Every structure is written in C-alpha cells, then in structure tokens.
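Report on the structure given below.
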C-alpha cells in the first residue's frame, strides 16, 4: 500500500482563489509528522509547512494551512489567495517509524502539479 | 533559506565512469541526506549521515557510496555510473532540534 497518496496529478486554480491539494497517508504509528514541499520549475525543493501527529491545532504558515484530519488520515494543503508564483509541483511527505541513529524514514508522495491561471 | 549548496549543478557522464557529487552546508547541522528524484517515484533516500564519519544506507543505496569527513560536507559517489542512475540528486540537512529537512538546489545527472 502507498504510504502517501496524492490523487490529483494536476490542478488548475484561478488567481486569487483558494485551492486544496489532497494528501492521504497510511501509518500505524502514533507519533508521526506530515510535511508539504513546493518544487517550482527551477527545481529546488522548498519547505512549506509541517504538522505533528500530536499537534492539536492545524498548522499555518502565511497563505498555507494544513487541514489535518487524523481519523481520516488526511493532511490536505490549503493555499489561500493563489498567486501566479504558486504554480509548481507540490509534494506531501510523512516521517514515521523507529528512530535509528537520529533518522526517521521520510516518505514522499508523487506530487500534484498546480497551475495558477491569471 | 538554509545554507546548502550542491556541486556540480549539472553533469553529463558516460557509463562506467566514477562520479562524485558534493553537498556543502553552512548550518552546522548534524544530519545530512542524499535523495534521488525520478518521475513517478517522488524522492527516495540513498544514504544519510548522522555525524562525521557516521553514515547509513537508505532505501536505494545499491551502486552508491558516501563519505563525511567534515560536518559541512557530504559526498555521494557513483563508483561506476549506469544509465539507471540518471536522475536529479538532492542533498538535505536537518537539525536535531527540528523535524524538517531542508534541501539543496539539486544536481541533474545524465549518464549516457
């Protein structure tokens, strides 16, 4: 089974509108974390937002918020007031499992390509 | 932005040749990682380091070796490059105090 599932390979959104990018995850761990990264066409991976499994509040970072629904195992990224510069690939990722020498496995989804239309 | 650089940024090489990619950080972070990114696979961990001279394998380590002789540098070596190692390689760093990995700009490697 896929650990991270991003079911939307591509999405369009009108500039200034809000958009939700879906992410579901699969883990039996109680302690885990969820990330979103942005990858513009230039190629770099940019960290956007992080949510820990024990965090009671949904994470927010500026125009980004993470809609964390633990029972449904979903961690959707919401971008408010889309801008042309938001056009990029977006990756959901999860850290889980035993810590080994400080490392905890991080699994990435296959990404969603978002295009913002003027 | 985290101070991470990768060199070279682009490389074309021939099958069978050795290749070394360098990751350099100015953040003094303990943990460093090498990933490869391929279409349909997202990012996959090759090797990681939890300190100077301390490294361990990731999920796709075959054909790769690493070294870390200084905190700031993490080298990835393809001993004998193959076409299946054509990919984009990312280095990442992490502080023990935080959960987030921060990525370098990536290296595009083409093995002919």
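Chains as they are written, first to last, in this note's numbering: chain A, 215 to 332; chain B, 231 to 342.
Here a beta-carbon is modelled for each residue, glycine too, at the ideal position from N, C-alpha and C.
As the structure is a prediction and not an experimental result, all values here were calculated from the model.
Taking residue i as the query, report the chain B residues whose CB atoms sit under 8 Å from its CB, ordered along the chain.
i                     : result
residue 304 (chain A) : By Cβ distance, chain B contributes nothing, its closest Cβ being about 11 Å from residue 304 (chain A), past 8 Å.
residue 247 (chain A) : 329
Check the Cβ of residue i against every Cβ in chain B and list those closer than 9 Å, keeping chain order.
i                     : result
residue 322 (chain A) : 265, 267, 271, 272, 273, 274
Interface residues of chain A around residue i at Cβ under 7 Å?
i                     : result
residue 343 (chain B) : Limits of chain B in this structure are 231 at one end and 342 at the other, which puts residue 343 (chain B) out of reach.
residue 336 (chain B) : 257, 258
residue 278 (chain B) : 317
residue 332 (chain B) : 261
For residue i, return the contacting residues in chain E, with the cut-off set at a CB-CB distance below 8 Å.
i                     : result
residue 309 (chain A) : In the displayed structure, chain E is absent; the protein chains listed are A and B.
Span of the beta strand (DSSP E) holding residue i?
i                     : result
residue 254 (chain B) : 249-255
residue 234 (chain A) : 233-235
residue 335 (chain B) : Per DSSP, residue 335 (chain B) belongs to no beta strand (DSSP E) and is neither H nor E.
residue 245 (chain B) : Run containing residue 245 (chain B): none; DSSP gives neither H nor E here.
residue 320 (chain A) : 317-322
residue 262 (chain A) : 260-266
residue 342 (chain B) : From DSSP, residue 342 (chain B) is part of no beta strand (DSSP E); its letter is neither H nor E.
residue 224 (chain A) : 224-228
residue 326 (chain A) : 326-331
residue 322 (chain B) : 317-324
residue 280 (chain A) : 278-283
Quick one: what's residue i bridged to in DSSP?
i                     : result
residue 274 (chain B) : B:266
residue 258 (chain B) : Answer is none; residue 258 (chain B) lacks a bridge partner.
residue 308 (chain B) : B:249, B:294
residue 246 (chain A) : Answer is none; residue 246 (chain A) lacks a bridge partner.
residue 311 (chain A) : Answer by DSSP bridge pairing: none, since residue 311 (chain A) is not bridged.
residue 281 (chain B) : B:284
residue 300 (chain B) : B:303
residue 238 (chain A) : A:219, A:288
Name, please, each residue of chain A whose Cβ falls closer than 8 Å to the Cβ of residue i.
i                     : result
residue 320 (chain B) : 259
residue 284 (chain B) : 315
Residues of chain B with CB under 7 Å from residue i, in chain order?
i                     : result
residue 325 (chain A) : 272
Examine the ligand NAD and report whether any of its heavy atoms sits within less than 7 Å of the Cβ of residue i.
i                     : result
residue 255 (chain B) : Looking at this structure, you won't find the ligand NAD or any other ligand, since it has none at all.
Using a Cβ-Cβ cutoff of 9 Å, what residues of the region 256-271 of chain A are near chain B? List them in chain order. Interface annotation for the region 256-271 of chain A against chain B: 256, 257, 258, 259, 260, 261, 264, 266, criterion Cβ-Cβ distance under 9 Å.
For the region 251-260 of chain B against the region 300-314 of chain B, are there 3 or more C-beta pairs whose distance is under 8 Å? The region 251-260 of chain B makes contact with the region 300-314 of chain B; the number of CB pairs closer than 8 Å reaches 3 or more.
Count the C-beta pairs between the region 278-287 of chain B and the region 319-331 of chain A that are closer than 8 Å, then say yes if the count reaches three, no if not. Flag = no, the region 278-287 of chain B and the region 319-331 of chain A do not touch.
Between the region 254-264 of chain A and the region 232-245 of chain A, are three or more C-beta pairs nearer than 8 Å? At 8 Å Cβ cutoff, the stretches do not touch.
Decide yes or no for the touch test of the region 229-236 of chain A against the region 233-240 of chain B: beta carbon pairs closer than 8 Å, at least 3 of them. Verdict: no, contact absent.
When the Cβ atoms of the region 276-287 of chain A are set against those of the region 238-245 of chain B, are three or more pairs found closer than 8 Å? Flag = no, the region 276-287 of chain A and the region 238-245 of chain B do not touch.
Taking one C-beta from the region 289-304 of chain A and one from the region 291-298 of chain B each time, how about it: are there three or more such pairs within less than 8 Å? No: the two stretches stay apart, fewer than three of their Cβ pairs being nearer than 8 Å.
Touch test, the region 304-315 of chain A against the region 268-276 of chain A, Cβ-Cβ under 8 Å, three pairs minimum: Counting C-beta pairs closer than 8 Å gives fewer than three between the region 304-315 of chain A and the region 268-276 of chain A, which falls short of the contact rule.
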